[in-house]
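Using this note's numbering, count along the sequence shown one by one with no gaps and you end on 81.
Here a beta-carbon is modelled for each residue, glycine too, at the ideal position from N, C-alpha and C.
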Amino acid sequence: MKQDTKNLLRELVYYSSLGFQVSISIFIGLAIGVYLDRSVFHTTPILTFIFLGLGIAAGFRNIGLAIKKQKKDEEKK
């Protein structure tokens, strides 16, 4: 395989996994919030919304890190 093809496939895998990372971080935040609301504190929508927001923020952080990595890679070239 040519080096360009390898680099393209590597980037494709990285960016396709980014969507998975974002959705998983949102789901984990939501799951933690629902668990804490229902089982521990019994404060039904409050902690769910807080941890959902934290999950969304973590997802945006992952996107920001991917953009930063791409800019760094472009500067190398």
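Taking the alpha-carbon of residue i as reference, which of the options has the nearest alpha-carbon?
i	options	result
K73	E15, K10 and L56	E15
N66	E79, S43, K6 and I30	I30
Thinking residue i and residue j are a contact (beta carbons under 8 Å), I'd like their distance in whole angstroms, please.
i	j	result
F55	G68	Contact doesn't hold; Cβ gap of about 20 Å is too wide.
Y19	A70	7 Å
According to DSSP, is residue i part of a helix, a strand, or is it coil?
i	result
T47	coil
K80	helix
K75	helix
K10	helix
Are residue i and residue j close, meaning C-beta to C-beta below 8 Å?
i	j	result
L34	T52	yes
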